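Numbering (my numbering), first residue to last: 918 to 1100.
Input: a single structure, listed below in structure tokens.
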Amino acid sequence: MHEPRVPGAANGPRTAGATPASVLSLNAYLMYAAGKAARRRLTGTLTAHGLRLWHLTVLAMLDETGPLSKGDLASRLDMNQSDLTRTVTDLEAAGYVVCARDSSDRRRIEVALTAAGGCALARLDAEVSATEADLLAPLGPGERELFASLLHRVHAHLERGRAADGLTATGAGPREPGEDVPR
């Protein structure tokens, strides 16, 4: 049977902020803590350019796919339509994207990456890579590849689960505390 611990007894005094070993044995906690640290550093990198994570995500999506309607962007990024609209408005004001009505369907607004947006994305890529290298400094090159492979596998599994549950940007429900909400 588990004996209750007396604070400061047997294991010595706890250091302020130290995470209990039982919590450190939870992979979900480690993913959360590492993700929180990564997000904080990435946010710092992006904030220096007046951007947020959703801005980077929209720019990267447009770079990969070419122009998309706002609806397609929101769907592909699993993003609430009103959040996407605010993000695109910010990017348009910065000159990184251009919006135009679709000539065949005036209700559709197409969003396209501008040359300035492509240049900004290239600059950000170098800085984001440096941030990531700092985060993964304790790992060797082979370990980084393995870590990335494992993260991709877990992410794909979670995405399949979301799709099977029918969760979409418009039906995802309330955001979790600390989730990045575009301004």
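Glycine residues also receive a C-beta, built at the ideal position from the N, C-alpha and C atoms.
Predicted model, so just to flag it, every value in this text is computed and none were measured.
- Item | Between the CA atoms of A955 and G1035 - distance to the nearest angstrom | For the purposes of this step, residue 1035 is identified with residue 118 of the sequence shown, where counting begins at 1. For the purposes of this step, residue 955 is identified with residue 38 of the sequence shown, where counting begins at 1. Roughly 24 Å between the two C-alpha positions.
query = Roughly how many angstroms separate the alpha carbons of L959 and E1044, rounded to a whole number?
reply = Translated into the one-based positions of the sequence shown, residue 959 becomes position 42. Translated into the one-based positions of the sequence shown, residue 1044 becomes position 127. If you take the alpha carbons of L959 and E1044, they lie about 9 Å apart.
- Assess, as a yes-or-no matter, whether the stretch 1023-1032 is touched by the stretch 1055-1064 under the definition of 3 or more beta carbon pairs within less than 8 Å. no
Applying the 10 Å Cβ sphere with the 16-neighbour rule, what's the burial state of M996? To locate residue 996, count along the sequence shown from 1; it is residue 79. Counting Cβ neighbours within 10 Å, M996 comes out buried, since at least 16 surround it.
What do you get for H972, buried or exposed, if any count of 16 or more other CB atoms within 10 angstroms of its CB means buried? Translated into the one-based positions of the sequence shown, residue 972 becomes position 55. Burial call: buried.
>> Excluding the 5 residues flanking P993 on each side, which residues of the same chain have their C-beta closer than 8 Å to its C-beta?
In response: Locating residue 993 in the sequence shown gives position 76, counting from the first residue. Correcting the residue type first, residue 993 is Arg in the shown sequence and not Pro. These residues qualify, in order along the chain: M978, T982, L985.
Item to check | Residue from A935, L1067, V940, H966 whose Cα sits closest to the Cα of A1037 | outcome: Working through the sequence shown from its first residue, we reach residue 1037 at position 120. A1037 has its Cα closest to that of H966, out of A935, L1067, V940, H966.
- Item | T1031 beta carbon less than 9 Å from that of Y1013 | For the purposes of this step, residue 1013 is taken as the residue at position 96 of the sequence shown. For the purposes of this step, residue 1031 is taken as the residue at position 114 of the sequence shown. Taking 9 Å as the Cβ cut-off, Y1013 and T1031 qualify as a contacting pair.
Task: Length of the line joining the Cα atoms of L900 and L1068 - done: Coverage of the chain is limited to positions 918 through 1100, which leaves residue 900 absent and any answer about it impossible.
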